[in-house]
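2 protein chains.
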Amino acid sequence: MDRLSQTFSALADPTRRAILARLADGNATVGELADPFDMSLPAVSRHLKVLTEAGLIERSTEAQWRRCALRGEGLRAAADWIEFYRRFWEQQFDRLEAFLIRNTPKPAKEKRRGRRSR
Amino acid sequence: MDRLSQTFSALADPTRRAILARLADGNATVGELADPFDMSLPAVSRHLKVLTEAGLIERSTEAQWRRCALRGEGLRAAADWIEFYRRFWEQQFDRLEAFLIRNTPKPAKEKRRGRRSR
Numbered sequence: 000m001d002r003l004s005q006t007f008s009a010l011a012d013p014t015r016r017a018i019l020a021r022l023a024d025g026n027a028t029v030g031e032l033a034d035p036f037d038m039s040l041p042a043v044s045r046h047l048k049v050l051t052e053a054g055l056i057e058r059s060t061e062a063q064w065r066r067c068a069l070r071g072e073g074l075r076a077a078a079d080w081i082e083f084y085r086r087f088w089e090q091q092f093d094r095l096e097a098f099l100i101r102n103t104p105k106p107a108k109e110k111r112r113g114r115r116s117r
Numbered sequence: 000m001d002r003l004s005q006t007f008s009a010l011a012d013p014t015r016r017a018i019l020a021r022l023a024d025g026n027a028t029v030g031e032l033a034d035p036f037d038m039s040l041p042a043v044s045r046h047l048k049v050l051t052e053a054g055l056i057e058r059s060t061e062a063q064w065r066r067c068a069l070r071g072e073g074l075r076a077a078a079d080w081i082e083f084y085r086r087f088w089e090q091q092f093d094r095l096e097a098f099l100i101r102n103t104p105k106p107a108k109e110k111r112r113g114r115r116s117r
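Protein chains in written order, with numbering that gives the first Met the number 0: chain F, 0 to 117; chain W, 0 to 117.
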């Protein structure tokens, strides 16, 4: 699988995204990561393997502890890919905004004019 | 599957990303989308189904033609999700930049000093 597909595939799971969100708060051991998920260590380890292979986390061993750290760099290509399409959702927002401006009566302006003519 | 997982899962395939890139240039029929991929119409249709279900494209029927259009809005949540992690790859870049600034000799400055003392 190409690297970008691997990244998106790793992100296509709510538990893996939650693990990344937890690591955004600081490094953690596998046990600390497993804790909030009510999940077995082997199940968490499988998710960590997917995240490691996609380059989204790094694992190191300190004494007997296996620590995990977020690897932000691993998200850059996916962010760049999506960024190219930003104009498409912003265009849609611009069209909605233009529609609302065209179709919203302007009571404030009318009031001011009214005051001036008094 | 939750919507965000569905989006990332749809993006985890190079052919589907290429279809989105083609649609970024303008709407296309299923035949036009199939053309550059040397792929059967049913195979392309399966990819289009995944993209439609993830809310990334829209399909409409004009006369006998089935037209596909990019739905940029469908990428917004994925972009927002990734955006939260931007600081992590920018931090890594900042650290590299700081390292390079600290460890790069500044020949230009040295030269100027040399001239002044003459």
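From the three backbone atoms N, C-alpha and C, an ideal C-beta is built for every residue, glycine too.
| Check | Outcome |
| --- | --- |
| DSSP three-state call for ARG66/W: helix, strand or coil? | strand |
| Would a check of beta-carbon distances place ASP37/W closer than 8 Å to chain F? | no |
| Go to THR103/F, then tell me how far its beta strand (DSSP E) extends in each direction, as first and last residue. | Counting along the chain, THR103/F falls outside any beta strand (DSSP E), and DSSP gives it neither H nor E. |
| For the beta strand (DSSP E) containing SER59/W, list its first residue and its last residue. | 56-61 |
| Does LEU32/F have its Cβ less than 8 Å from a Cβ in chain W? | no |
| Do TRP88/W and LEU3/W have their beta-carbon atoms positioned less than 8 Å apart in this structure? | no |
| If you check the beta carbons only, do LEU40/F and ILE18/F fall under 8 Å apart? | no |
| What residue from ARG58/W, ALA78/W, ASP1/W and ASP37/W has the CA that sits closest to PRO13/F's CA? | ASP1/W |
| Between ARG45/W, SER44/W, LYS48/W and ARG21/W, which has its C-alpha nearest PRO35/W's C-alpha? | ARG21/W |
| Can you check which of these residues, PHE83/W, LEU74/W and PHE98/W, is closest to ALA23/F by C-alpha distance? | PHE83/W |
| In the DSSP output, which residue or residues are listed as bridge partners for THR28/W? | ARG66/W |
| Mind checking the region 66-91 of chain W against chain F and listing, in chain order, the residues whose C-beta falls within less than 9 Å of any C-beta there? | LEU69, ARG70, GLY71, GLU72, GLY73, LEU74, ARG75, ALA77, ALA78, TRP80, ILE81, GLU82, PHE83, TYR84, ARG85, ARG86, PHE87, TRP88, GLU89, GLN90 and GLN91 |
| Checking contacts by CB at 8 Å: is SER8/F closer than that to chain B? | Protein chains F and W are contained in the structure displayed, whereas chain B is not. |
| To the nearest angstrom, report how far apart ASP93/F and HIS46/F are at their CA atoms. | 39 Å |
| Using 8 Å as the limit for Cβ to Cβ distance, is ALA23/F near chain W? | yes |
| I want to verify the contact list: residues of chain F whose CB lies under 7 Å from the CB of SER4/W, in sequence order. | ALA11, ASP12 and PRO13 |
| For a contact defined as C-beta to C-beta under 9 Å, what are the partners of ASP1/F on chain W? | PRO13 |
| In angstroms, rounded to a whole number, what distance separates the CA positions of ALA177/F and THR28/W? | Residue coverage of chain F in this structure runs from 0 to 117, which leaves residue 177/F outside it and unanswerable. |
| For ALA11/F, I'd like the list of residues in its chain whose CB is within less than 6 Å of its CB, leaving aside the five on either flank, ordered along the chain. | none |
| According to DSSP, is PHE87/F helix, strand or coil? | helix |
| Let me know the secondary structure DSSP gives SER44/W once reduced to three states. | helix |
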